[in-house]
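Undergrad: Structure below; questions to follow.
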Amino acid sequence: MDKILIIGGTNFIGRNLIEKLSATKKYDVTIFNRGITNPELFPKIKRIIGDRNSSDVKRIHQTNWDYIIDLSCYFPQSLIDILSGLSSNLKKYIFISTCSVYEDVKVNFGIENDLLKTCNKTQFSDQSTNSYGNRKAECERILESSKINYTILRPDLVYGKYDPTDRFYYWLHQAKKYDKILVPNHGKPLFSLTYVHDLVTAIEKTIVEKPDRESYNITTTTEASIRQIIDFTLEETGNKPIFINASSHFLKANKIAEWTDMPVWIDSEYSVFNNKKIIDNYQLKCTDFKTSVSETIEYYNSLHWPIPNYGIDRGKQLSLIEKIVN
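Offset between the sequence shown (1-based) and the working numbering: plus 168.
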């Protein structure tokens with residue numbers, strides 16, 4: 169039975185992953201994390217309590233792992249410290265990266281050999297979100313320059329069961345609860361999305377000893393839009409809201425920020441990423457987008473549709489709607 173170490177593992181992606189791996193009973197799984205997020209989960213799974221950004225990583229080096237799945241690496245030095253003490257018997261290091269590693273100047277259809285962001289000395293240890301993609305890109309370069317076998321997976325925005333961010337859920341909630349929905353640019357700009365079920369399936373498929381040393385985009389839906397998310401939700405809920413369009417000019421004039429104030433909205437179409445490579449190399453079958461929305465709605469039904477903790481609140485939405493219609 170292969171020994172698998174999951175670094176992270178009790179919040180969103182890791183929670184789904186551990187549920188899937190545990191159900192197969194094929195692996196000897198251990199979790200390494202700080203024991204802070206949802207510490208009550210998985211009481212039967214072995215765990216090592218420690219902070220990866222400290223000398224605690226030495227505890228990882230005390231076991232000869234077959235596979236390591238790294239879900240929570242945000243700083244290059246942390247990866248350097250982990251790799252420096254690993255056994256030569258490691259079959260593969262599976263690293264969860266992000267499509268944010270790509271240079272923002274690129275246009276449609278991001279593929280794996282496109283230009284990645286650089287990472288200067290300041291960004292190397294910067295803790296702001298602005299350098300997130302730069303730091304992840306540097307982590308990829310560190311793996312590429314190592315001698316170990318690895319697989320790098322690059323999801324785009326991940327959504328589904330246990331998602332704590334509410335970025336995708338924001339639009340489900342709009343479609344479920346309101347009679348008027350403020351939509352940026354008619355909800356038409358395209359972006360890619362990654363359903364968490366497909367991401368954990370991809371991770372499991374890469375738990376194989378075959379030589380890889382490759383990077384893969386893992387996007388369930390390469391071309392999605394806010395309007396598609398809303399429309400699929402309306403089919404499920406039966407709601408019939410009025411759509412109020414907000415142009416990019418209007419939103420920016422009212423200091424509404426892309427992505428944060430207006431979730432998933434990017435005022436361009438560069439965020440579209442090809443998934444052909446992983447589908448071909450690992451025979452991955454991605455979930456139909458409409459099906460993934462339906463399954464995600466089922467999850468939020470079980471939570472009774474709480475108010476999203478991301479994006480502008482309903483009061484701000486209504487004030488913007490009033491400015492547009494009047």
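Quick reminder that beta carbons are idealized off the backbone N, C-alpha and C, glycines included.
To test your reading of the DSSP string, which unbroken beta strand (DSSP E) runs of 3 or more residues are found completely within the region 201 to 237?
TA: Listed in chain order, they are 214 to 217.
Undergrad: What residues are listed by DSSP as bridge partners for A414?
TA: Per DSSP, P352.
Undergrad: Just how far apart, CA to CA, sit Y261 and S190?
TA: Approximately 19 Å between the Cα atoms of the pair.
Undergrad: Going by DSSP in three states, I174 sits in which element: helix, strand or coil?
TA: Of the three classes helix, strand and coil, the one that applies to I174 here is strand, per DSSP.
Undergrad: From the DSSP output, read off the bridge partner residues of R322.
TA: According to DSSP, R322 bridges with N385.
Undergrad: Where in the region 247 to 291 do unbroken runs of the beta strand (DSSP E), each at least 3 residues long, occur, reported from the N-terminal end onward?
TA: List check, beta strand (DSSP E) in window: 260 to 264.
Undergrad: Roughly how many angstroms separate the alpha carbons of D377 and I237, rounded to a whole number?
TA: Residue identity check: residue 377 is Glu in the sequence provided, not Asp. So the alpha carbons of these two residues sit roughly 14 Å apart.
Undergrad: Assuming I397 and V461 form a contact by the criterion Cβ under 8 Å, report the distance between their Cβ atoms to the nearest whole angstrom.
TA: The pair is a contact, with the Cβ atoms about 7 Å apart (cut-off 8 Å).
Undergrad: Are the CB atoms of F336 and T388 within a distance shorter than 8 Å?
TA: Not a contact, by the Cβ cut-off of 8 Å.
Undergrad: Consult DSSP for I446 and reduce its assignment to one of helix, strand or coil.
TA: Correct three-state label for I446: helix.
Undergrad: Just to confirm the assignment, what range does the beta strand (DSSP E) spanning Y363 have?
TA: Run containing Y363: F359 to Y363, per the beta strand (DSSP E) assignment.
Undergrad: Considering only residues of the same chain and omitting the five flanking positions on each side of I216, which have a CB-CB separation below 6 Å?
TA: So the qualifying residues of the chain are F200 and R227.
Undergrad: With DSSP as the reference, label D196 as helix, strand or coil.
TA: In this structure, D196 counts as strand in the three-state DSSP scheme.
Undergrad: Using only CA atoms, which one of N494, G182 and L173 lies nearest to Y330?
TA: Nearest C-alpha to Y330: G182.
Undergrad: Rounded to whole angstroms, what's the CA-CA distance from T464 to G328? Just pull it up for me.
TA: Taking the straight line from one Cα to the other gives about 5 Å.
Undergrad: Within 10 Å of its beta-carbon, does G355 have 16 or more other beta-carbons around it, so buried, or fewer, so exposed?
TA: Per the 10 Å Cβ criterion, buried.
Undergrad: Between the region 303 to 320 and the region 357 to 364, can you find at least three pairs of beta-carbon atoms closer than 8 Å?
TA: As far as the Cβ criterion goes, the region 357 to 364 does not touch the region 303 to 320, which means the pair count is below three.
Undergrad: Cα separation between Y195 and S393?
TA: Taking the straight line joining both Cα atoms gives about 38 Å.
Undergrad: With C-beta atoms as the reference, is R120 less than 8 Å away from C267?
TA: Nothing can be reported for residue 120: it is not among the residues displayed for the chain, which extend from 169 to 494.
Undergrad: Quick test of your reading: I186 and V197, contact by CB under 8 Å. State the CB separation rounded to the nearest angstrom.
TA: The pair is a contact, with the Cβ atoms about 7 Å apart (cut-off 8 Å).
Undergrad: DSSP three-state call for A392: helix, strand or coil?
TA: Three-state DSSP puts A392 in a strand.
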